[in-house]
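Written below as structure tokens is the structure these notes are about.
4 protein chains.
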Amino acid sequence: MPKDMTETADIFTRRESAARSYCRGMPAMFAKGRGSELIDADGKAWIDFLAGCSSLNYGHNDPDMKAALVEHITGDGIAHGLDLHTSTKAAFIEAFERHILAPRDMDHRIMFTGPTGANAVEAAMKIARKVTGHSNIIAFTNGFHGVTMGALAATGNGYHRGGAAMDLAGVTRMPFDGYFGEGVDTAAQLEQMLSDASGGVDAPAAIILETVQGEGGLNAASPEWVRHIAAIARKHGALLIIDDIQAGCGRTGTFFSFEEMGVTPDIVTMAKSLSGFGLPFAALLVRPEHDVFGPAEHNGTFRGNTHAFVTARVAIEKFWADEAFEQELAEKQRLILDRLAELAVLVPGATLKGRGLMQGVDVGSGELASAICARAYELGLVIETSGNEDQVVKVLAPLTTPVETFNEGFDILLTAARGVLDSAAKIAAE
Amino acid sequence: MPKDMTETADIFTRRESAARSYCRGMPAMFAKGRGSELIDADGKAWIDFLAGCSSLNYGHNDPDMKAALVEHITGDGIAHGLDLHTSTKAAFIEAFERHILAPRDMDHRIMFTGPTGANAVEAAMKIARKVTGHSNIIAFTNGFHGVTMGALAATGNGYHRGGAAMDLAGVTRMPFDGYFGEGVDTAAQLEQMLSDASGGVDAPAAIILETVQGEGGLNAASPEWVRHIAAIARKHGALLIIDDIQAGCGRTGTFFSFEEMGVTPDIVTMAKSLSGFGLPFAALLVRPEHDVFGPAEHNGTFRGNTHAFVTARVAIEKFWADEAFEQELAEKQRLILDRLAELAVLVPGATLKGRGLMQGVDVGSGELASAICARAYELGLVIETSGNEDQVVKVLAPLTTPVETFNEGFDILLTAARGVLDSAAKIAAE
Amino acid sequence: MPKDMTETADIFTRRESAARSYCRGMPAMFAKGRGSELIDADGKAWIDFLAGCSSLNYGHNDPDMKAALVEHITGDGIAHGLDLHTSTKAAFIEAFERHILAPRDMDHRIMFTGPTGANAVEAAMKIARKVTGHSNIIAFTNGFHGVTMGALAATGNGYHRGGAAMDLAGVTRMPFDGYFGEGVDTAAQLEQMLSDASGGVDAPAAIILETVQGEGGLNAASPEWVRHIAAIARKHGALLIIDDIQAGCGRTGTFFSFEEMGVTPDIVTMAKSLSGFGLPFAALLVRPEHDVFGPAEHNGTFRGNTHAFVTARVAIEKFWADEAFEQELAEKQRLILDRLAELAVLVPGATLKGRGLMQGVDVGSGELASAICARAYELGLVIETSGNEDQVVKVLAPLTTPVETFNEGFDILLTAARGVLDSAAKIAAE
Amino acid sequence: MPKDMTETADIFTRRESAARSYCRGMPAMFAKGRGSELIDADGKAWIDFLAGCSSLNYGHNDPDMKAALVEHITGDGIAHGLDLHTSTKAAFIEAFERHILAPRDMDHRIMFTGPTGANAVEAAMKIARKVTGHSNIIAFTNGFHGVTMGALAATGNGYHRGGAAMDLAGVTRMPFDGYFGEGVDTAAQLEQMLSDASGGVDAPAAIILETVQGEGGLNAASPEWVRHIAAIARKHGALLIIDDIQAGCGRTGTFFSFEEMGVTPDIVTMAKSLSGFGLPFAALLVRPEHDVFGPAEHNGTFRGNTHAFVTARVAIEKFWADEAFEQELAEKQRLILDRLAELAVLVPGATLKGRGLMQGVDVGSGELASAICARAYELGLVIETSGNEDQVVKVLAPLTTPVETFNEGFDILLTAARGVLDSAAKIAAE
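Protein chains in written order, with the working numbering: chain A, 38 to 467; chain B, 38 to 467; chain C, 38 to 467; chain D, 38 to 467.
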């Protein structure tokens with residue numbers, strides 16, 4: 038590492054909080070991003086199979102979004118507009134209505150919350166409680182919904198929950214689809230407990246779920262299970278909240294992750310790739326009859342990031358105005374599946390996880406998965422683990438990644454895996 | 038309003054959540070911002086005495102920040118980098134250390150939380166609880182710290198609290214400085230209750246306060262009171278959290294609002310004008326011994342907005358590298374005081390509120406204050422109310438507002454006030 | 038009803054709270070109790086298959102306890118002694134140690150809580166939290182532990198929970214043994230969720246259970262399940278609390294309900310029949326290493342009811358000094374089973390529930406069970422329902438009930454059931 | 038101590054929980070009680086100025102109550118009757134209506150809760166929340182309402198609160214009358230915070246208070262303050278709960294402690310001396326329009342202690358059927374005041390505390406007060422301290438204590454105080 042690098046790295050040690058994380062395993066000083074590549078200050082490039090944890094579904098610095106954003110800024114377009122009307126916001130909403138909501142027969146309204154997924158989740162939970170007068174929200178094992186106190190209550194991860202250092206209220210945990218193995222219908226279990234006058238689960242305000250648990254290990258719910266959950270919510274007067282923060286914006290192959298499941302969520306939370314460009318931006322979609330907040334009742338300085346309105350509009354118009362992109366995604370998910378299958382056969386007992394373009398391989402231990410990812414990083418691939426024990430190697434590449442780059446990335450991943458497994462075998466043999 | 042405007046406005050009614058607020062009283066379709074001016078789609082301009090609720094302390098589209106940001110984007114600089122090391126982040130931290138922390142003898146570390154003030158407050162409260170093992174946090178009447186469940190517990194406003202639709206835990210409310218009038222030392226009251234073995238106030242993890250309550254009516258705490266609170270926190274093993282989200286970044290005349298008070302907060306929360314450009318960005322400053330989060334224990338997709346690192350660095354270097362800006366602010370706050378005094382004399386019983394460049398006039402009723410602001414909007418000035426009854430006309434102009442523009446804005450404000458008062462007098466006379 | 042009776046009944050309507058309950062279905066004015074009989078003011082007698090909800094396991098006014106109590110009172114024995122040492126208390130503890138604890142190898146200490154079962158449960162939950170530093174307590178579907186705020190959180194019944202009119206904190210609900218039918222091992226499910234780092238169930242302070250759920254429908258846990266739960270508690274650092282308030286004091290055929298299960302609970306809560314005479318009295322048994330309350334840390338005016346010490350000592354010495362009583366119980370539980378089987382065959386789909394001398398028949402609907410009990414009352418038998426839908430006809434006769442009286446009671450019950458079923462059949466036929 | 042005594046004491050060490058408290062400072066083995074005397078197993082007698090913490094307002098073993106109770110038991114009167122109608126209960130309610138409620142124009146209904154004060158408080162808080170739909174209850178510094186989780190939230194004492202080992206929800210603490218000294222109107226402070234839209238104190242379900250804080254140091258609220266609080270409760274839609282558990286049943290010179298204050302509480306909680314004989318018994322009085330519990334919604338096995346109905350009826354008829362007893366109390370409270378004044382002059386800075394027959398002297402330190410009480414015990418007087426630092430020597434003698442016995446007791450107390458002060462002076466002089 039050149040001297041100035043060392044010094045610059047020092048600044049992080051000296052002045053950045055110990056809460057920093059990704060930089061620990063991937064200590065390069067990154068400087069640029071282009072498409073599916075991350076480039077460090079020395080010009081070294083990595084293929085990016087992390088994509089800002091699915092915040093860069095259209096890759097780094099998409100040229101059309103870039104051009105529009107530069108034009109906006111150059112022309113003194115509003116950078117920060119509170120929740121005032123702006124022509125930029127109007128254009129985004131119109132594009133979102135035309136290309137996303139209307140074709141899917143969704144009458145939802147858009148609420149621009151603070152620009153973090155957690156803020157959208159907090160708003161969703163508050164709305165559900167205000168609508169129903171109940172406080173209990175059903176959330177699932179391995180669900181991840183953010184780490185602010187309201188959202189954190191719905192998050193299953195014990196490490197994050199511990200960060201609260203106090204009790205988290207208002208959420209009942211239930212087993213996700215498949216949690217107890219194949220024969221057990223966890224939706225039926227939930228229904229039994231809710232319907233039992235002495236089941237001890239209070240009447241719910243909402244049921245919140247991810248259709249694919251991105252942080253929780255790429256557990257994919259079946260359409261049947263999601264429909265059953267939706268029916269349970271309706272029966273018990275609860276709202277159905279689908280947290281599409283990681284799985285939305287095309288990640289599963291369709292714009293929303295639930296499109297082909299036959300359910301209409303009362304609330305959808307969105308963030309990550311919603312801006313298209315990686316800018317902080319979040320929103321929730323809410324059925325008009327549940328749009329119950331008064332003016333600014335849930336507020337925040339940065340609700341509605343105007344720069345993000347610019348890029349998000351371009352993203353919608355570029356990728357979702359016709360079916361071409363979705364068709365492309367259908368092909369890529371087959372590619373991913375095939376290449377991940379190659380990885381899975383290397384590891385005894387490994388299983389494929391996930392759906393669409395958020396797939397991975399459960400290699401059975403967090404140690405192994407982390408070793409593979411660390412080795413991949415050395416070889417030029419940025420990739421991360423997922424799951425309650427970090428046991429899943431997770432592919433979250435930009436959806437726009439060219440087939441060739443996908444293959445390059447998977448070649449690195451396979452090389453890394455073989456290298457790690459060989460080393461382990463040698464050590465075991467000694 | 039031209040036809041297309043109407044149509045465009047319709048999109049908000051049709052598709053934006055009823056939670057939208059500022060646009061209701063100021064329904065123009067804004068398009069551009071330049072310095073202290075907001076300009077609508079038809080080219081009509083308003084002087085901006087709101088400044089994104091103090092998120093645009095350096096005005097709209099500062100040319101130096103703009104140039105740096107455009108250069109960054111054009112050159113494919115990282116837009117979204119999770120919490121990886123980036124040269125952009127390093128440059129920001131270095132500038133912040135050199136020009137802000139070091140000269141003020143602050144050894145704090147910077148934690149980049151999710152890019153909302155509320156997220157920084159949530160992180161601060163969690164840290165305090167983790168450090169102390171206690172959950173109780175003391176917050177004050179009329180304090181405003183955000184609306185996510187953790188922060189909302191610390192927020193006094195009943196309308197916002199009601200949005201939670203469930204109980205808010207972990208906070209004890211105490212009267213702010215001056216709350217019971219001049220003779221009553223509310224810090225001493227807090228101390229008595231905390232020191233009483235049967236006082237019924239549990240041992241605190243933290244005391245959180247704004248030195249000037251921006252949303253709560255521009256109530257300014259005296260240095261003596263803040264010092265007393267700091268001493269109470271220390272005595273009872275609690276952390277002192279100063280929420281400088283609205284009052285920081287020069288708003289009170291110095292970079293931090295507490296600089297001249299003789300206290301060193303354990304944690305400082307920052308957001309709003311921290312990016313310099315109005316971009317979503319938040320951080321907390323924490324003494325090294327309290328920097329207790331493990332890696333990603335408090336996480337979030339948009340922690341560390343790379344675009345904001347660019348503009349925030351320029352803002353620091355441009356305005357805070359020497360004392361020129363602070364001197365300018367000292368002059369402007371006198372101007373503001375003088376001109377607000379003119380307003381105050383118009384309204385019987387009106388009082389001046391606030392400190393530095395966050396001052397206002399308590400005109401005694403929310404109805405009157407709102408009428409004045411509404412009339413000012415019609416005359417070309419964007420300005421808002423504050424306070425538990427919206428009774429304070431609050432000036433939050435960009436700190437960079439030229440004296441001439443300041444005077445223009447105040448002229449409009451005075452004209453508006455006179456108009457409203459005359460109308461009221463006429464109605465009363467009839 | 039004679040005139041003075043009417044007037045007297047009026048006093049209840051006029052001045053007793055609407056919270057009164059048993060008197061609604063059994064409106065007689067009771068005056069005396071003798072053995073297994075309740076006698077009203079006119080001398081009419083009922084066989085008592087309710088026994089004060091298992092508070093009168095030795096029947097009404099046992100002559101030996103009565104004599105001892107009268108002697109105590111006549112001799113100016115202490116009636117109320119706070120938690121001072123009294124010779125009466127010493128004698129009780131000695132008898133309890135000699136005849137109950139020592140023979141069962143239990144090293145537990147006795148804490149005299151406020152004289153209600155709920156108070157003992159509250160104390161138990163507080164101890165578990167103090168010992169472990171965790172707040173989460175695992176409780177089960179259909180569990181009943183009392184209606185004060187701490188205990189109510191552990192109670193499953195939704196009607197009682199609703200009485201709190203606010204959120205109940207600190208408890209996670211899990212399915213009881215057999216809740217999801219025969220094939221499903223609910224202990225294994227609990228273990229999986231607790232062991233999962235993202236299972237979202239916080240580390241428990243305790244697991245609390247009844248081995249037979251008296252209010253919840255006479256659901257009897259298997260010894261295997263209880264042992265598995267005990268192992269889970271130990272593994273996760275949680276205390277095992279067995280709530281033996283209704284099932285203890287011989288009700289299941291042994292003094293404690295868990296005696297033959299191969300577990301040693303960390304805490305046992307006792308009340309109901311502990312005094313032997315129906316007097317308010319509760320206690321908890323706690324292993325010495327968990328006896329962590331400081332002096333009066335959990336206090337209460339009536340902790341240690343001195344009159345109850347007198348009768349409780351007699352009860353212990355009379356019934357538990359040798360094995361005769363237990364042998365008698367073994368015979369009686371066979372009798373009960375046989376006679377209940379007669380009832381079960383009358384109702385299609387009816388099932389036998391419970392264990393020992395707390396058995397009943399699930400007749401499939403609360404309406405039917407209530408009708409049977411109401412008819413039995415008219416015919417001279419006091420008996421009640423149980424279960425989440427009141428669908429279980431529950432026999433809780435005094436353990437001392439002579440075989441002949443048992444049979445008399447069952448004869449009435451069968452007559453009542455046949456009558457109700459015949460009427461229903463006639464109505465159905467019309 | 039004779040050998041058998043030692044052995045008997047061993048049983049407590051060996052088998053009684055460390056939570057036991059009074060017996061630590063007063064280790065005698067008590068056996069009998071007669072009037073105002075406690076007698077140990079060896080026949081040694083103490084004058085009782087503690088009276089079971091005001092549970093024995095009519096002394097030990099009042100002959101009339103004793104006779105009635107023995108007659109009841111001998112005649113096989115019901116010992117335990119759940120909440121069935123009994124002639125015994127009817128007779129009690131009738132007496133209570135005739136002699137207590139009717140003459141005071143109180144239309145309240147009586148709810149027999151579990152037989153502890155805490156249970157009555159829990160029921161009161163639940164009712165208030167159910168009536169109003171709010172969860173927040175205002176309680177005061179130094180208030181004591183019990184240690185079960187709901188009541189404990191309202192209790193100020195930090196030692197007891199800590200016993201919960203988790204957060205206590207649903208209560209806002211406010212300063213009691215006089216808490217900040219003479220000039221400060223704490224009711225006005227409460228009113229200001231409640232009326233402030235951003236005061237951060239949620240709309241209350243109830244305000245709960247003791248007119249004289251028995252455990253909190255005999256702080257006596259002024260009638261003006263209580264009236265102001267009652268008005269605030271009414272204005273804000275909250276119920277007024279007066280916890281008369283310690284101060285009621287004649288302790289302040291009238292049956293209820295609030296009788297001469299010009300307020301009608303919505304709910305009154307009663308326990309301690311309600312049975313007259315020291316038996317476990319509690320009740321709450323609730324205005325009919327707030328009697329909202331459904332049948333058994335708040336239940337408990339021992340609600341309505343039948344033995345206590347017997348003695349409580351005799352107590353009401355014997356002491357409250359005419360004004361003789363109240364006149365006697367008026368004289369005795371003057372005696373107490375005079376004799377305590379003698380004590381107060383001995384200690385520099387000492388102040389008289391309390392009202393009626395619950396008076397004491399604040400001697401400035403818990404150490405001194407405890408030393409005086411310990412010395413008094415040695416000299417034959419049972420007396421205890423009170424207050425947040427145990428700094429108050431508190432007289433809670435039976436109300437029936439003859440003047441001569443009162444004087445004897447006070448003579449002992451003064452001797453003890455002089456002895457302790459002399460010793461301290463000697464030590465200081467050395």
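Built from N, CA and C at the ideal position, the CB exists for glycine as well. Remember, predicted model here, so these are calculated numbers, not experimental data.
Find the residues of chain C that neighbour D:Gly207, judging by a C-beta separation of less than 7 Å, and give them in chain order.
Going along chain C in sequence order, the residues near D:Gly207 (Cβ under 7 Å) are Met203.
Could you give the C-beta distance for D:Met63 and C:Leu121, rounded to a whole number, given that I count them as a contact under 8 Å?
With 8 Å as the limit, D:Met63 and C:Leu121 qualify as a contact, their Cβ atoms being about 6 Å apart.
Please list the terminal residues of the continuous beta strand (DSSP E) segment that includes B:Arg392.
Thr388 to Arg392 is the span of the beta strand (DSSP E), which, as asked, contains B:Arg392.
Is the closest heavy atom of the ligand FMN to the C-beta of A:Gln229 under 7 Å?
The ligand content of the structure shown is nil, which means the ligand FMN is not present either.
Against chain D, with Cβ distances strictly below 8 Å, would C:Lys167 count as a contact?
Output row for C:Lys167: interface = yes.
Which bits of chain B does D:Gly195 rub up against, with CB to CB less than 7 Å?
In chain order: Ala234 and Ser235.
From the beta carbon of D:Asn179, is the nearest beta carbon of chain B less than 8 Å away?
So yes, D:Asn179 belongs to the interface.
In chain order, what residues of the stretch 211-236 of chain B put their CB closer than 8 Å to some CB of chain D?
Listed by position, the residues of the stretch 211-236 of chain B near chain D (Cβ gap below 8 Å) are Pro212, Tyr216, Phe217, Val221, Gln226, Gln229, Met230, Asp233, Ala234, Ser235 and Gly236.
Are the C-beta atoms of D:Ala78 and some chain C residue less than 8 Å apart?
Output row for D:Ala78: interface = yes.
In the DSSP assignment, the alpha helix (DSSP H) including D:Glu228 goes from what residue to what residue?
Thr223 to Ser232 is the extent of the alpha helix (DSSP H) around D:Glu228.
Identify the contact partners of A:Ala176 in chain C, using a Cβ-Cβ distance below 8 Å as the criterion.
What A:Ala176 touches in chain C: Gly237.
What is the DSSP secondary structure of A:Met395, counted as helix, strand or coil?
DSSP places A:Met395 in strand when its eight states are reduced to three.
Could you check the C-alpha separation between A:His327 and A:Asp303 for me, to the nearest Å?
The straight-line gap from Cα to Cα measures roughly 8 Å.
What residues in its chain sit with their C-beta under 6 Å from that of C:Ala270, if we drop five residues either side in the sequence?
Result list for C:Ala270: Ile244 and Leu277, in chain order.
Residues in its own chain within less than 8 Å of C:Ala378 by CB, not counting five upstream and five downstream?
Result list for C:Ala378: Leu389, in chain order.
Please go through the same chain and pick out, in chain order, the residues whose beta-carbon is closer than 8 Å to the beta-carbon of D:Val384, but skip the five residues on each side of it.
Same-chain partners within the cutoff: Val398, Val400, Gly401, Leu405, Ala454 and Leu458.
Going along the chain, which residues of the stretch 247-262 of chain A sit with their C-beta nearer than 7 Å to a C-beta in chain C?
Here the close residues are Gly253.
Could you tell me if C:Gly274 is buried or exposed, where buried requires 16 or more neighbouring beta carbons within 10 angstroms of its beta carbon?
That one is exposed.
So that I know if they touch, is there some Cβ in chain A lying closer than 8 Å to that of B:Arg57?
Yes, because at least one Cβ of chain A sits closer than 8 Å to the Cβ of B:Arg57.
Span of the beta strand (DSSP E) holding A:Asn173?
Asn173 to Phe177 is the extent of the beta strand (DSSP E) around A:Asn173.
Helix, strand or coil for A:Thr306? Go by DSSP, reduced to three states.
If DSSP states are grouped into helix, strand and coil, A:Thr306 belongs with the strands.
Give me whichever residues DSSP pairs with A:Glu505 in a beta bridge.
The structure shown does not extend to residue 505 of chain A, since chain A is modelled only from 38 to 467, so the question has no answer here.
From C:Leu205, C:His171 and C:Leu316, pick the residue whose C-alpha is nearest to that of C:Gly183; which is it?
Among C:Leu205, C:His171 and C:Leu316, the Cα nearest to that of C:Gly183 belongs to C:Leu205.
Between C:Val300 and C:Asp142, what straight-line distance do the alpha-carbon atoms span, to the nearest angstrom?
Looking at the two C-alpha atoms, the distance is approximately 12 Å.
How many Å lie between A:Val351 and B:Phe49 at the Cα?
Taking the straight line joining both Cα atoms gives about 19 Å.
For D:Glu404 and chain B, any beta-carbon pair shorter than 8 Å?
Chain B contact via Cβ: absent.
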